[in-house]
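Undergrad:
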Amino acid sequence: MAITAHRDTFARDHLPPPEQWPDLVFELPELQFPERLNCAAELLDRWVAQGQGERPCVQGLHLGEWVCWSYAELQAQANRIAHVLVREMGVQPGNRVLLRGANSPMMAACWFAVMKVGAIAVATMPLLRAKELGQVIQKAQVSHALCDARLAEELVLAGSQCPELRELVYYGGDGDAALQARAQRQPAHFDTVDTAADDCCIIAFTSGTTGQPKGTMHFHRDVMAICRCWPPHCLRPNADDIFIGSPPLAFTFGLGGLLLFPLSVGASTVLLEKASPDQLLPAIARHRATVCFTAPTSYRAMAGEVNRHDIASLRKCVSAGEALPAATRQLWKDATGIELIDGIGATELLHIFVSHDEHNARPGATGKPVPGYRACILDDDGRPLPPGQVGRLAVKGPTGCRYLADERQQAYVQNGWNLTGDAYLMDEDGYFVYQARTDDMIISGGYNIAGPEVEACLLAHPAVAECGVIGVPDEARGQIVKAVVVLKPGVQAELTQDPVLIRALQDFVKASIAPYKYPRAIEFRASLPRTETGKLQRFRLRESA
Ligand code: 3UK
Numbered sequence: 015m016a017i018t019a020h021r022d023t024f025a026r027d028h029l030p031p032p033e034q035w036p037d038l039v040f041e042l043p044e045l046q047f048p049e050r051l052n053c054a055a056e057l058l059d060r061w062v063a064q065g066q067g068e069r070p071c072v073q074g075l076h077l078g079e080w081v082c083w084s085y086a087e088l089q090a091q092a093n094r095i096a097h098v099l100v101r102e103m104g105v106q107p108g109n110r111v112l113l114r115g116a117n118s119p120m121m122a123a124c125w126f127a128v129m130k131v132g133a134i135a136v137a138t139m140p141l142l143r144a145k146e147l148g149q150v151i152q153k154a155q156v157s158h159a160l161c162d163a164r165l166a167e168e169l170v171l172a173g174s175q176c177p178e179l180r181e182l183v184y185y186g187g188d189g190d191a192a193l194q195a196r197a198q199r200q201p202a203h204f205d206t207v208d209t210a211a212d213d214c215c216i217i218a219f220t221s222g223t224t225g226q227p228k229g230t231m232h233f234h235r236d237v238m239a240i241c242r243c244w245p246p247h248c249l250r251p252n253a254d255d256i257f258i259g260s261p262p263l264a265f266t267f268g269l270g271g272l273l274l275f276p277l278s279v280g281a282s283t284v285l286l287e288k289a290s291p292d293q294l295l296p297a298i299a300r301h302r303a304t305v306c307f308t309a310p311t312s313y314r315a316m317a318g319e320v321n322r323h324d325i326a327s328l329r330k331c332v333s334a335g336e337a338l339p340a341a342t343r344q345l346w347k348d349a350t351g352i353e354l355i356d357g358i359g360a361t362e363l364l365h366i367f368v369s370h371d372e373h374n375a376r377p378g379a380t381g382k383p384v385p386g387y388r389a390c391i392l393d394d395d396g397r398p399l400p401p402g403q404v405g406r407l408a409v410k411g412p413t414g415c416r417y418l419a420d421e422r423q424q425a426y427v428q429n430g431w432n433l434t435g436d437a438y439l440m441d442e443d444g445y446f447v448y449q450a451r452t453d454d455m456i457i458s459g460g461y462n463i464a465g466p467e468v469e470a471c472l473l474a475h476p477a478v479a480e481c482g483v484i485g486v487p488d489e490a491r492g493q494i495v496k497a498v499v500v501l502k503p504g505v506q507a508e509l510t511q512d513p514v515l516i517r518a519l520q521d522f523v524k525a526s527i528a529p530y531k532y533p534r535a536i537e538f539r540a541s542l543p544r545t546e547t548g549k550l551q552r553f554r555l556r557e558s559a
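When we follow the working numbering, the leftmost residue of the sequence shown carries the number 15, and every step to the right adds one.
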């Protein structure tokens, strides 16, 4: 490891032991990184130094007004905040700084400020409550926080239980103490700290479905590595692109898609505080966005509404976070003419590692390993499986899992491979086809059934808006397949649990996939439980079944 710039060595001290790291692969020429590297210098300072400072960089709401900051303006704002961090808050390189706020230009400036001072950003989802914030603060030993004034309450509550959180500064509020007022009193120049390429710069938390959140540690080098793998090979953006989308910057899908990737090519990004499907569509139209990042369900919801908005500016659409059903891909293509780019990513690997470009999309498949990454399917004993057989998805590349002080490291990394917890198969052509989360596979009457396959089938029925398929205990069969279905507006069956419609949906499934997979139970509901990042919470469906 190179000589660290960290004065506070907490992150290095709590990395997993080297033998528990995944193998790291840096085969591509563009992944040869120098020993000293700061991602803010690469993604932000570089453009200004090259005379591109006047280019548009980040748009969004700032103090109640819509702003569009150039690269030079974002840099100046980040520099001023960096001075506040160092001079007024006493932040040292290596300290953990919690960020709390919706997506906005100010959030982007705060993120870069943390990079510039050589500290570690711990970005948190706006919806987190005091209890979850407290877990994050304790686990990452967070000492400082920058927070949107409107979201202060839960953080103050968490802070009262966490003595390690020394200082909290708010942005957006009134008065001299507000971050933007303090920043204004600081100079616009700051010398970005010369960090080691393997200095940790973010700790990204992933909740999982149960238990304590896991913190994943990523270096400046990792941030640059993801910019050089998936974007140039699958997305191929250019400097005139205008990025937009829904995932929070606290979710690495959003951090990459809405901040790192646009800036890595000198493009601009629209950061929306709220980006539900009914808000995202008009925003695409208003800002003439060209590249969109959101979850499969959001594309499905938007597809029916596109003809009410002029979204002709849009040229590339990315889906991740959950499996993309073939029916949703088709729906979006019919509505917009755009072939979705699907990609599987994970917080542990920072971003997408299996994907495709729009010319090589295959309905129902996620794609092939992104250049820079390798992937294979392993059986339960860690042996590679031949094409066509379902097993555990295993990945390695320039990024990989390093949990912060967590025993679950040895479950995620085995024999140098990152095991994502997904059941996949690779077909004869090398395409990776998602089956289910390994712990979501349904075993019924001796058959292995992947819920998402049944979901994909039901989604093709004209009455179905959304659905989730789970296994529920059954005496005779061990488990039976159960579908929880949200019907399209206008189809009313929730109250009656209409047996005719249930029968019709069952027959529909039997007619298109192997009949033993059909849902023996179907329940109609008004909505499905989802996480803030758009993932269906199957465990909650199981609990309520
Ligand atoms: C699932 C997918 C099928 C899969 C993420 C893009 O989702 C992200 O990270 P998380 O840590 O979850 C990881 C898990 O989510 N998944 C994600 N994308 C797909 N399953 N097809 C997909 N396209 O179970 C995976 O193991 O929340 C996604 C970029 C960065 C991310 N962090």
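All residues carry an ideal CB built from backbone N, CA and C; glycine is no exception.
Would you say A90 and A202 are within 8 Å of each other, going by their C-beta atoms?
TA: Your numbering for residue 90 matches position 76 in the sequence shown. Your numbering for residue 202 matches position 188 in the sequence shown. Contact: yes.
Undergrad: Contact check, P48 vs A211 under 8 Å by CB: the rounded distance?
TA: Taking the sequence shown and counting its residues from 1, the one referred to as residue 48 is at position 34. Taking the sequence shown and counting its residues from 1, the one referred to as residue 211 is at position 197. Indeed, because the Cβ distance is near 7 Å, the residues count as touching under 8 Å.
Undergrad: Does the structure place the stretch 50–65 close enough to the stretch 22–42 that three or more beta carbon pairs sit under 8 Å?
TA: No: the two stretches stay apart, fewer than three of their Cβ pairs being nearer than 8 Å.
Undergrad: Just checking, does the stretch 240–256 make contact with the stretch 365–383 on the three C-beta pairs under 8 Å criterion?
TA: A contact exists between the stretch 240–256 and the stretch 365–383.
Undergrad: Assuming the contact rule is C-beta atoms closer than 8 Å, W107 and V131 should be a hit. Round their C-beta distance to whole Å, please.
TA: Along the sequence shown, one-based indexing puts residue 107 at 93. Along the sequence shown, one-based indexing puts residue 131 at 117. Here residue 107 is Pro; the residue named in the question, Trp, does not match the sequence. Contact flag correct, Cβ pair sits at about 7 Å.
Undergrad: Assign E421 to one of three DSSP states: helix, strand, or coil.
TA: If you number the sequence shown from 1, residue 421 lands on position 407. DSSP places E421 in coil when its eight states are reduced to three.
Undergrad: Just to confirm, does G378 get its C-beta within under 7 Å of one of the non-hydrogen atoms of ligand 1?
TA: Start at 1 with the first residue of the sequence shown, and residue 378 comes out as number 364. For ligand 1, not one heavy atom lies less than 7 Å from the Cβ of G378.
Undergrad: When the distance is taken between beta carbons, is L99 closer than 8 Å to A127?
TA: Counting from 1 along the sequence shown, the entry for residue 127 is found at position 113. Counting from 1 along the sequence shown, the entry for residue 99 is found at position 85. Going by C-beta atoms, A127 is nearer than 8 Å to L99.
Undergrad: What first and last residue would you give for the alpha helix (DSSP H) that runs through I516?
TA: For the purposes of this step, residue 516 is taken as residue 502 along the sequence shown, with counting starting at 1. First-last of the alpha helix (DSSP H) with I516: 513–526.
Undergrad: Would you list the one or two residues that DSSP bridges to V427?
TA: Reading the sequence shown from its first residue, position 413 is the one you call residue 427. V427 is bridged to N432.
Undergrad: Is G2 a contact residue of ligand 1, with contact defined as CB to any heavy atom under 7 Å?
TA: No statement about residue 2 is possible, as the shown extent of the chain runs from 15 to 559 and does not include it.
Undergrad: Taking Q428 as the reference, give the member of Y438, L439, P466, G414 with the closest Cα.
TA: The residue given as residue 428 occupies position 414 in the sequence shown. Checking every option, the nearest Cα to that of Q428 belongs to G414.
Undergrad: I need the straight-line Cα distance from S174 to A559, nearest angstrom please.
TA: Looking up residue 174 in the sequence shown gives position 160. Looking up residue 559 in the sequence shown gives position 545. If I take the Cα positions, the gap works out to 38 Å.
Undergrad: Shorter than 7 Å, the distance from the beta carbon of Y417 to the closest heavy atom of ligand 1, or not?
TA: Here residue 417 refers to the residue found at position 403 of the sequence shown. Every heavy atom of ligand 1 is 7 Å or more from the Cβ of Y417, so no.
Undergrad: Express the C-alpha separation of L473 and A341 in angstroms, rounding to a whole number.
TA: Indexing the sequence shown from 1 puts residue 341 at position 327. Indexing the sequence shown from 1 puts residue 473 at position 459. Between A341 and L473, the C-alpha separation is close to 6 Å.
Undergrad: Just reading off the alpha helix (DSSP H) that P291 is part of, what are its end residues?
TA: As a position in the sequence shown, residue 291 is number 277, starting the count at 1. Element bounds for P291: 291–301.
Undergrad: Determine the contact status of V523 and Y532, defining contact as a CB-CB distance below 8 Å.
TA: By 1-based counting over the sequence shown, the position of residue 523 is 509. By 1-based counting over the sequence shown, the position of residue 532 is 518. A contact, by the Cβ cut-off of 8 Å.
Undergrad: Is the Cβ-Cβ distance between G148 and A163 less than 8 Å?
TA: What you label residue 148 is simply residue 134 of the sequence shown in a count that begins at 1. What you label residue 163 is simply residue 149 of the sequence shown in a count that begins at 1. Contact flag unset, no.
Undergrad: Please classify M231 as buried or exposed, where buried requires at least 16 neighbouring CB atoms within 10 angstroms.
TA: The residue labelled residue 231 in the question sits at position 217 within the sequence shown. The residue in question, M231, is buried, as its Cβ has 16 or more Cβ neighbours within 10 Å.
Undergrad: Where do the N-terminal and C-terminal ends of the alpha helix (DSSP H) with F275 fall, by residue?
TA: Residue mapping note: residue 275 aligns to position 261 of the sequence shown, counting from 1. Taken as a continuous stretch (DSSP letters only), the alpha helix (DSSP H) holding F275 covers 275–278.
Undergrad: To the nearest angstrom, report how far apart L112 and A159 are at their CA atoms.
TA: As a position in the sequence shown, residue 112 is number 98, starting the count at 1. As a position in the sequence shown, residue 159 is number 145, starting the count at 1. If I take the Cα positions, the gap works out to 4 Å.
Undergrad: Would you tell me roughly how many angstroms separate the C-alpha atoms of A303 and L328, rounded to the nearest one?
TA: Counting from 1 along the sequence shown, the entry for residue 303 is found at position 289. Counting from 1 along the sequence shown, the entry for residue 328 is found at position 314. Rounded to the nearest angstrom, the two C-alpha atoms are 6 Å apart.
Undergrad: My understanding is that R114 touches L169, with C-beta atoms under 8 Å, so please give their C-beta distance in whole angstroms.
TA: Here residue 114 refers to the residue found at position 100 when the sequence shown is read from its first residue. Here residue 169 refers to the residue found at position 155 when the sequence shown is read from its first residue. Yes, R114 and L169 are in contact; Cβ-Cβ is about 6 Å, under 8 Å.
Undergrad: Does the beta-carbon of I391, which I'm using as the reference point, lie nearer than 7 Å to any heavy atom of ligand 1?
TA: As a working mapping, residue 391 is identified with position 377 in the sequence shown. No, the beta carbon of I391 sits no closer than 7 Å to any heavy atom of ligand 1.
Undergrad: Is it true that the CB of N432 sits closer than 8 Å to the CB of Y438?
TA: Here residue 438 refers to the residue found at position 424 when the sequence shown is read from its first residue. Here residue 432 refers to the residue found at position 418 when the sequence shown is read from its first residue. Cβ distance not < 8 Å, so Y438 and N432 don't count as in contact.
Undergrad: Return yes when the C-beta of G259 is under 7 Å from any heavy atom of ligand 1, and no when it is not.
TA: Counting from 1 along the sequence shown, the entry for residue 259 is found at position 245. Result no, Cβ not under 7 Å from ligand 1.
Undergrad: Taking 7 Å as the cut-off, is the beta-carbon of D492 closer than that to any non-hydrogen atom of ligand 1?
TA: On the sequence shown, position 478 is the one that residue 492 refers to. The sequence shown places Gly at residue 492, not Asp. Incorrect: G492 has no Cβ contact closer than 7 Å to ligand 1.
Undergrad: Contact check, A166 vs Y184 under 8 Å by CB: the rounded distance?
TA: On the sequence shown, position 152 is the one that residue 166 refers to. On the sequence shown, position 170 is the one that residue 184 refers to. 6 Å between Cβ atoms; contact.
Undergrad: If you reduce the DSSP assignment to three classes, tell me which class I463 lands in.
TA: Translated into the one-based positions of the sequence shown, residue 463 becomes position 449. Looking at I463 - three-state DSSP - the assignment turns out to be strand.
Undergrad: Three Cβ pairs or more, each shorter than 8 Å: is that satisfied between the stretch 289–304 and the stretch 257–264?
TA: A contact exists between the stretch 289–304 and the stretch 257–264.
Undergrad: Starting from G173, trace the alpha helix (DSSP H) in both directions and tell me its first and last residue.
TA: One-based indexing of the sequence shown puts residue 173 at position 159. Where G173 is concerned, the enclosing alpha helix (DSSP H) stretches over 166–174.
Undergrad: If contacts are defined as beta-carbon pairs under 8 Å, then K228 and R94 qualify, I think. What distance do you get, rounded to the angstrom?
TA: On the sequence shown, position 214 is the one that residue 228 refers to. On the sequence shown, position 80 is the one that residue 94 refers to. In fact, because the Cβ distance is near 34 Å, the residues do not count as touching under 8 Å.
Undergrad: Leaving out five residues on either side along the sequence, give the residues of the same chain with a beta carbon under 7 Å from the beta carbon of D208.
TA: Indexing the sequence shown from 1 puts residue 208 at position 194. Closer than 7 Å at Cβ, skipping near neighbours: A19, R50, N52.
Undergrad: Output the distance between the C-alpha atoms of P400 and R180, rounded to the nearest integer angstrom.
TA: For the purposes of this step, residue 400 is taken as residue 386 along the sequence shown, with counting starting at 1. For the purposes of this step, residue 180 is taken as residue 166 along the sequence shown, with counting starting at 1. Each residue's alpha carbon lies about 54 Å from the other.
Undergrad: State yes or no: is the C-beta of H365 nearer than 7 Å to some heavy atom of ligand 1?
TA: Here the question's residue 365 lines up with position 351 in the sequence shown. Answer for H365: yes, Cβ within range of ligand 1.
Undergrad: Need the endpoints of the beta strand (DSSP E) that C415 sits in, please.
TA: Position 401 of the sequence shown, counted from the first residue, corresponds to residue 415. Unbroken run through C415: none, as it is neither H nor E.
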